[in-house]
Structure formats: structure tokens, C-alpha cells
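Colleague:
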DNA sequence: GTGACATACCTATGTATCTTAGGTATAAAT
DNA sequence: ATTTATACCTAAGATACATAGGTATGTCAC
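Residue numbers (our numbering), protein chains in the order written: chain A, 10 to 120; chain B, 10 to 120.
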């Protein structure tokens with residue numbers, strides 16, 4: 010049984026945001042950074058992350074640079090201009106969503 | 010193509026919250042009230058709502074009373090004590106989720 | 001030196017939670 | 001008379017994950 014997370018639907022936005030604020034990163038690094046930043050609340054699974062990165066790259070929202078560290082490979086991803094536009098768009102949707110949730114769960118009384 | 014919403018995963022919590030704050034309601038009424046409260050941002054589809062109501066009832070989180078209005082039927086749902094516990098539990102998860110998202114997208118600088 | 005764990009990449013399958021798209025029927029509005 | 005709103009329902013399809021595997025390199029404790 011898969012245990013769905015509340016972050017469902019937000020992972021792509023989170024990746025775009027992270028690459029914008031923190032600069033180029035590689036996949037594994039992203040999983041760790043997110044875990045750190047959220048004090049372990051959000052652990053992006055590799056099974057979710059890698060397909061997201063590949064999709065964003067295919068959409069030209071990210072570019073990749075492959076680097077060798079010893080005998081291992083790292084694929085560094087960087088956000089493009091198109092990706093930045095996409096990020097802003099998704100951020101706007103997220104803001105509205107958050108505001109609406111606030112309204113539903115913590116309504117400001119409207120007299 | 011189905012257009013996924015950011016509210017995915019929150020609909021059950023929203024229904025529980027609504028039945029707690031606004032008292033007993035019937036399905037169609039819930040869809041309208043949510044649309045109203047969110048200024049149209051969130052339109053819970055009947056195809057999503059009715060299965061949720063049936064599931065919550067099966068879990069004893071809701072009770073039903075059927076009423077006749079003219080020749081039509083209304084099924085009024087009310088939250089149970091177990092449902093209230095579930096609501097509180099889901100609310101706590103939601104709060105943490107929202108706080109984490111805030112942290113990711115609007116980080117308070119940590120010196 | 002070997003066993004465990006971390007790093008670093010990947011994909012295939014299963015599944016929860018929806019959206020879409022239908023259906024039935026009554027009531028109100030134009 | 002036709003359209004729209006009310007009020008219930010379910011089946012099929014889509015999405016975005018989680019789960020669960022796989023490969024390989026590097027590090028650390030014992």
C-alpha cells in the first residue's frame with residue numbers, strides 16, 4: 010500500500026524553487042537538502058524525483074551537466090529561463106491554494 | 010485528460026472541517042458551500058465527494074440522516090466523535106505541511 | 001578485509017485520489 | 001417547452017506519487 014503524502018502535486022514546484030534559490034544541484038543532493046530544510050518532514054523519494062527531473066529537462070525547464078567525481082557520476086541540474094517562468098507560475102498557484110486553505114481552516118470572520 | 014488539483018489529498022480533511030464548523034450538511038450543499046467559501050477556487054466534484062462521504066460513513070466518522078424534501082431525497086451527514094478525532098489528527102498534519110511549505114517557499118532566514 | 005551504510009544513478013509496478021463523463025430524477029426559471 | 005439547478009449515484013481514465021527493486025562506487029567500523 011502506498012502511503013500518499015500531502016506534498017503530492019507540489020514536488021515539481023519544490024524542485025524548481027530549490028534550484029532557483031540554491032542554484033545547480035544533483036538529484037541525490039536535492040533529496041538530502043529537502044530533508045534538511047524540512048527537518049525530515051519531507052523526504053522526496055528517488056522514485057519520484059528522477060522522473061520529475063527527466064520531465065523538467067524534456068520540457069526545457071532544466072539543463073543538465075554531467076560531472077565525474079572519482080568513478081561516480083553526478084548530474085547537475087540548473088533552471089532555465091523557461092523554467093523560471095514556470096516556477097513563478099506554479100508559485101502563484103501555490104500561493105492562492107495556501108490562502109484558500111487558510112480561509113477554509115482558519116477563516117477570518119467576515120462581518 | 011484529467012486536470013489534477015493542488016487540493017488533492019486534502020478533500021477529506023476539508024469535508025470533516027466543514028461538517029465540524031458548519032454542522033450537518035448534505036452532499037450537494039457541501040459542493041456549493043465550498044465553492045462559496047473559496048470564491049470559486051475550489052469546486053469539489055461530485056465524483057470525488059460522494060465516494061468520500063461513503064467512505065467516511067463506513068469508517069464511522071460520519072452518520073447519515075435521510076430526509077425527504079418534496080419528492081427528492083437529501084442525505085444529511087454529521088460528524089461523529091470518532092470523526093472529530095480524525096479531523097483533529099488530519100488538521101495537525103495539515104498544519105505541519107503548511108508550515109513546511111512556508112519554510113520552503115518563504116524561508117525565515119536562520120542565522 | 002568484510003559487512004554495513006552512504007552516495008548516486010535508474011525504472012517498473014502498484015495504488016490512492018482524484019477528474020471526466022456518464023446516468024437518474026425532481027424542481028425552478030425563462 | 002426547454003433550460004438550468006438541485007440531488008443523488010457510479011464506472012473508467014488520468015496523475016503523481018510510493019514501493020520496491022536494480023547497479024555501482026565510496027567510506028567507515030571492526
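Even for Gly, the Cβ is constructed at its ideal location relative to N, Cα and C.
For residue 71/B, name the three-state secondary structure that DSSP assigns.
Modeller: Residue state, collapsed to three classes: strand.
Colleague: Determine whether the beta carbon atoms of residue 37/A and residue 85/A lie at a separation below 7 angstroms.
Modeller: No; because the gap between Cβ atoms is not below 7 angstroms, this pair is not in contact.
Colleague: Tell me whether residue 96/A sits in a helix, a strand or coil according to DSSP, three-state version.
Modeller: Here residue 96/A sits in helix by DSSP.
Colleague: With DSSP run on the structure shown, which of helix, strand or coil describes residue 88/B?
Modeller: Residue state, collapsed to three classes: strand.
Colleague: Closer than 9 angstroms, Cβ to any Cβ of chain A: which residues of the stretch 18–44 of chain B, in chain order?
Modeller: So the close ones are 18, 19, 22, 23, 26, 27, 30, 43.
Colleague: Does the CB of residue 11/A have a neighbour CB from chain B at under 7 angstroms?
Modeller: Not closer than 7 angstroms to any Cβ of chain B, the Cβ of residue 11/A fails to qualify, so no.
Colleague: Count the other C-beta atoms from every protein chain shown that fall within 10 angstroms of the C-beta of residue 96/B, then say buried if there are 16 or more, exposed otherwise.
Modeller: So residue 96/B counts as buried.
Colleague: Is it buried or exposed for residue 30/B, if we count other Cβ within 10 angstroms and need 16 for buried?
Modeller: Classification of residue 30/B: exposed, given that the 10 Å Cβ count is below 16.
Colleague: Return the first residue and the last residue of the alpha helix (DSSP H) that residue 25/B is part of.
Modeller: Where residue 25/B is concerned, the enclosing alpha helix (DSSP H) stretches over 20–31.
Colleague: Between the stretch 42–53 of chain B and the stretch 109–119 of chain A, can you find at least three pairs of beta-carbon atoms closer than 8 angstroms?
Modeller: In short, these stretches touch, since the Cβ pair count reaches three.
Colleague: What whole-angstrom Cβ distance do residue 92/B and residue 62/B have, given they're in contact under 8 angstroms?
Modeller: No, residue 92/B and residue 62/B are not in contact; Cβ-Cβ is about 11 angstroms, not under 8 angstroms.
Colleague: Please state whether DSSP places residue 35/B in a helix, a strand or coil.
Modeller: DSSP places residue 35/B in strand when its eight states are reduced to three.
Colleague: Compute the Euclidean distance between the alpha carbons of residue 102/A and residue 89/A, then round it to the nearest angstrom.
Modeller: Going from the Cα of residue 102/A to the Cα of residue 89/A covers about 20 angstroms.
Colleague: Determine the DSSP secondary structure at residue 77/B, reduced to helix, strand or coil.
Modeller: Residue state, collapsed to three classes: strand.
Colleague: Looking at the structure shown, is residue 53/A part of a helix, part of a strand, or coil, going by DSSP?
Modeller: Coil.
Colleague: Sorted by chain position, which residues of the same chain lie with C-beta nearer than 8 angstroms to residue 75/B's C-beta, five sequence neighbours on each side aside?
Modeller: Around residue 75/B: 82, 83, 84, 85.
Colleague: Kindly list the residues whose CB is nearer than 6 angstroms to the CB of residue 44/A, restricted to its own chain and excluding five residues on each side of it in sequence; keep chain order.
Modeller: Cβ neighbours of residue 44/A beyond the five flanking positions: 52.
Colleague: Taking a cut of 9 angstroms between CB atoms, which residues from the stretch 102–120 of chain A lie near chain B?
Modeller: Taking 9 angstroms as the Cβ-Cβ cut-off against chain B, the residues of the stretch 102–120 of chain A that qualify are 102, 103, 104, 105, 106, 107, 108, 109, 110, 111, 112, 113, 114, 116.
Colleague: When the cut-off is 7 angstroms and only beta carbons count, does residue 58/A lie next to chain B?
Modeller: Output row for residue 58/A: interface = no.
Colleague: Counting only beta-carbon separations shorter than 7 angstroms, does residue 72/A have a partner in chain B?
Modeller: No, no contact with chain B.
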